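Residue numbers (our numbering): 30 to 135. The C-beta atom is built at its ideal place from N, Cα and C for all residues, glycine as well. Note that the structure is a prediction, hence the values are computed from the model and not measured. Report on one structure; see the data block that follows.
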Ligand SMILES: [Cu+2]
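Below, the structure written as structure tokens:
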């Protein structure tokens, strides 16, 4: 009985130790789309963080790849996306395939 309680205590402690990483307040990361580029090209985020792309060019773009599938982002408009699981996402603009970006979700 005592042993079982001790084991449960250890398990709770382990969960608490890992918790701060996942329960940190979500951050917002801004990516500018300008000059046919995603700036910055690579962004590191945590699960739960929000990424906001703003199209600063005079023509439309989008954000496409993996879980990213934005509508056309008109000049001056934004697209918001929330990171849901860890992994590396390679994305591009499907209108201009030379435009590439990476999001690393931790
Ligand atoms: Cu584009």
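Check, Outcome
"Would a C-beta distance cut-off of 7 Å place residue 112 and residue 81 closer than the cut-off?", "no"
"Let's test the definition: count the other Cβ atoms within 10 Å of the Cβ of residue 126 and tell me whether it reaches 16, buried, or not, exposed.", "exposed"
"Count the other C-beta atoms from every protein chain shown that fall within 10 angstroms of the C-beta of residue 88, then say buried if there are 16 or more, exposed otherwise.", "exposed"
"How many Å lie between residue 66 and residue 132 at the Cα?", "14 Å"
"Tell me the rounded alpha-carbon separation between residue 98 and residue 122.", "10 Å"
"Between the alpha carbons of residue 84 and residue 128, how many angstroms are there, rounded?", "13 Å"
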